[in-house]
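Asks:
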DNA sequence: TCAGACATGTAAGTCGTTACATGATTCA
DNA sequence: TGAATCATGTAACGACTTACATGTCTGA
């Protein structure tokens, strides 16, 4: 495990695509990968400065005429190496702490209806989430078949000035869809669990 | 959301079963629920003291003759209320941060084989985990049918002096099995995802 | 003209982990 | 007798979150 924090690598990875500002990074995370990743400014800006100090990125004021102050970060060759190293190094399993499961376990000596009620609202929550993912999936699939191209995902395909080739866009969309697929499968598993529990818990 | 930290409630919940020492709590978490919860001493002992200060638990030196110093914590009625409140209050979805998914996404513009290699080792990791869960499942199921009763799970059925009735043990084992089932379904979903990705990524 | 998006940052706090420190008891 | 387990704790750090603070630009 590298001693560095994850935000460090997340930023580096995004900068490896193209130069961006802190604000751009935040937006990109929100729009594209919020179902498995998040960043917040309180962490983002200090980490960007750290990256510059460590020589993994450079900071330049973007002084396009008529635009407000804006700093664009660009990855350095050292940063690229650092990123490549991280991508290829083994990923440690995340520390698990599932509050829902904890409740289920701890409440097992309480009346069954309490547990049942919790499971039901968990299930409802998951079903809602599933619906949202499915609709995102539909949008992405349509984009892949080039029926239409929703502007919400634009920033993921070219944040800044660089434009992706048709082939690159296609690939990018495919990865986005596969990421989403992970979320969908995970949710379906949880819903399945709820079903099973609701069935067998009362006896 | 309650403003309190989760360790606070985890401890309270375990104490709601029976009085225990910090060491007992740690053991119980490790043996029984480590696949969805963890605690460490650095957090455990200070939180126990906090619980006492807040009037949710009492601390008593257990001076059984010939035994070394040991503090046993017991939940108070206020603690019980606090626990019951938490169990019944809505559970907020955990903040997601999946490093594996992040790598998959960020590396999408790199050569496919890098991503493929990562997915494969992720899959191997999950398969191993699955095997472990399945063997735990077998043990618990055997215990449920009273074919045998492994001593590893004893602490979960009576940590301390209190003994559960036959019926209570049965119920407890069932909950343990269902918790494990959640882990198994989640892992199977991840393995399924790996299979799908390995199939479609190369084109 | 004013709401909403653009844009950058700091301070304080929470939560949790790791490493360290210490010593008693049990059992092979 | 010595390794494993029992048992309690602290200090320092690391990672991330929340709330606050400030101001600009754009388009309806």
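Residue numbers (our numbering), protein chains in the order written: chain A, -14 to 188; chain B, -14 to 188.
Cβ coordinates follow ideal geometry from the N, Cα and C atoms, glycine included.
Need the endpoints of the beta strand (DSSP E) that residue 184 of chain A sits in, please.
Replies: Residue 184 of chain A -> not in any beta strand (DSSP E); alpha helix (DSSP H) instead, spanning 151 to 185.
Asks: In the structure shown, what three-state DSSP assignment does residue 78 of chain B receive?
Replies: Looking at residue 78 of chain B - three-state DSSP - the assignment turns out to be coil, as it is neither helix nor strand.
Asks: Taking 7 Å as the threshold (beta carbon to beta carbon), is residue 84 of chain B in contact with chain A?
Replies: Interface residue, yes.
Asks: Assuming residue 102 of chain B is part of the alpha helix (DSSP H), what are its boundary residues?
Replies: First-last of the alpha helix (DSSP H) with residue 102 of chain B: 97 to 129.
Asks: Using 10 angstroms around the beta-carbon of residue 97 of chain B, count the other beta-carbons present and answer buried if the total reaches 16, otherwise exposed.
Replies: By the 10 Å Cβ count, residue 97 of chain B comes out exposed.
Asks: Quick one: residues in its chain with C-beta nearer than 6 Å to the C-beta of residue 36 of chain A, no 5 flanking neighbours on either side, listed in chain order?
Replies: Counting only Cβ-Cβ distances below 6 Å, and skipping sequence neighbours, we find 42.
Asks: Can you pull out the residues from the stretch -12 to 10 of chain A whose beta carbon lies closer than 9 Å to at least one beta carbon of chain B?
Replies: Hits within the stretch, in order: -9, -6, -5, -3, -2, -1, 1 and 2.
Asks: Could you tell me the boundaries of the beta strand (DSSP E) in which residue 42 of chain A lies?
Replies: Residues 42 to 46.
Asks: Name, please, each residue of chain A whose Cβ falls closer than 7 Å to the Cβ of residue 99 of chain B.
Replies: The answer, in chain order, is 72 and 73.
Asks: Ignore the nearest five residues each way along the sequence and tell me which others in residue 22 of chain B's own chain have a CB closer than 8 Å to its CB.
Replies: Answer for residue 22 of chain B: -5 and 14, listed in chain order.
Asks: Candidates B:29, B:181, B:77 and B:171: which alpha carbon is nearest residue 220 of chain B's?
Replies: Here chain B comprises residues numbered -14 to 188, so residue 220 of chain B is not present and cannot be evaluated.
Asks: Give a yes or no on whether the minimum CB-CB distance between residue 177 of chain B and chain A is below 7 Å.
Replies: With 7 Å as the cut-off, residue 177 of chain B counts as an interface residue toward chain A.
Asks: If residue -2 of chain A sits next to residue 30 of chain A, beta carbons under 8 Å apart, how far is it from one beta carbon to the other, in whole angstroms?
Replies: Between residue 30 of chain A and residue -2 of chain A the Cβ distance is about 17 Å, and since that is not below 8 Å, they are no contact.
Asks: Verify whether the separation of the beta carbon atoms of residue 233 of chain A and residue 118 of chain A is less than 7 Å.
Replies: Because residue 233 of chain A is not part of the residues shown, which for chain A are -14 to 188, the question remains open.
Asks: On a Cα-Cα basis, can you pick out the residue from B:57, B:100, B:153 and B:73 that is closest to residue 73 of chain A?
Replies: Checked all of B:57, B:100, B:153 and B:73; the closest Cα to residue 73 of chain A is B:100.
Asks: I want to see whether chain A comes within less than 7 Å of residue 18 of chain B, judged by CB atoms only; does it?
Replies: Cβ-Cβ to chain A under 7 Å: yes for residue 18 of chain B.
Asks: Listed in chain order, which residues of the stretch 158 to 183 of chain B have Cβ atoms closer than 8 Å to some Cβ of chain A?
Replies: Flagged, chain order: 159, 160, 161, 163, 164, 166, 167, 170, 171, 173, 174, 175, 177, 178, 181 and 182.
Asks: Please list the partners that residue 93 of chain A has in chain B, where partner means a Cβ-to-Cβ separation under 7 Å.
Replies: Ordered by position in chain B, the residues that pass the 7 Å Cβ test against residue 93 of chain A are 156, 157 and 160.
Asks: I'd like to know if residue 57 of chain B contacts chain A, where contact means its C-beta is closer than 7 Å to some C-beta of that chain.
Replies: For residue 57 of chain B, the answer is no, since every Cβ of chain A falls outside 7 Å of its Cβ.
Asks: In three-state terms, what does DSSP make of residue -13 of chain A?
Replies: Low confidence applies to residue -13 of chain A: its pLDDT is 49, below 50, so where it sits in the model is not reliable enough to give any reading.
Asks: Once DSSP output is grouped into helix, strand and coil, what is the label at residue 59 of chain A?
Replies: In the structure shown, residue 59 of chain A sits in a strand (DSSP, three-state: E or B).
Asks: Rounded to the nearest angstrom, how far is the Cβ of residue 95 of chain B from that of residue 58 of chain B, given a contact under 8 Å?
Replies: Contact flag wrong, Cβ pair sits at about 52 Å.
Asks: Straight-line CA distance for residue 108 of chain A to residue 162 of chain A?
Replies: C-alpha separation (whole angstroms): 24 Å.
Asks: State buried or exposed for residue 78 of chain B, treating a residue as buried only when at least 16 other CB atoms are found within 10 Å of its CB.
Replies: Label assigned to residue 78 of chain B: exposed.
Asks: Go to residue 28 of chain B, then tell me how far its alpha helix (DSSP H) extends in each direction, as first and last residue.
Replies: Unbroken alpha helix (DSSP H) run through residue 28 of chain B: 26 to 38.
Asks: Taking 7 Å as the cut-off, decide whether the C-beta atoms of residue 55 of chain B and residue 47 of chain B are in contact.
Replies: Going by C-beta atoms, residue 55 of chain B is nearer than 7 Å to residue 47 of chain B.
Asks: Does any C-beta atom of chain A lie closer than 7 Å to the C-beta of residue 87 of chain B?
Replies: Output row for residue 87 of chain B: interface = yes.
Asks: Are the C-beta atoms of residue 187 of chain A and some chain B residue less than 7 Å apart?
Replies: Chain B contact via Cβ: absent.
Asks: Please say whether residue 149 of chain A and residue 129 of chain A have beta carbons closer to each other than 7 Å?
Replies: Cβ distance not < 7 Å, so residue 129 of chain A and residue 149 of chain A don't count as in contact.
Asks: Return the first residue and the last residue of the alpha helix (DSSP H) that residue 13 of chain B is part of.
Replies: Residues 7 to 18.
Asks: So which residues of chain A does residue 90 of chain B contact, with C-beta pairs closer than 7 Å?
Replies: Simply 18, 160 and 164.
Asks: Classify residue 93 of chain B: buried if its beta carbon has 16 or more other beta carbons within 10 angstroms, exposed otherwise.
Replies: The residue is buried, with at least 16 neighbouring Cβ atoms inside 10 Å.
Asks: Output needed for residue 172 of chain A: all residues of its chain with C-beta closer than 8 Å, excluding positions within five of it in sequence on either side, in chain order.
Replies: For residue 172 of chain A, where only same-chain residues beyond five positions count, the Cβ hits under 8 Å are 111, 114, 115 and 118.
Asks: Whole angstroms are fine: how far does the CA of residue 84 of chain B sit from the CA of residue 28 of chain B?
Replies: Cα to Cα, residue 28 of chain B sits roughly 25 Å from residue 84 of chain B.
Asks: Quick check on the burial criterion: 16 or more other C-beta atoms within 10 angstroms. Buried or exposed for residue 164 of chain B?
Replies: The residue is buried, with at least 16 neighbouring Cβ atoms inside 10 Å.
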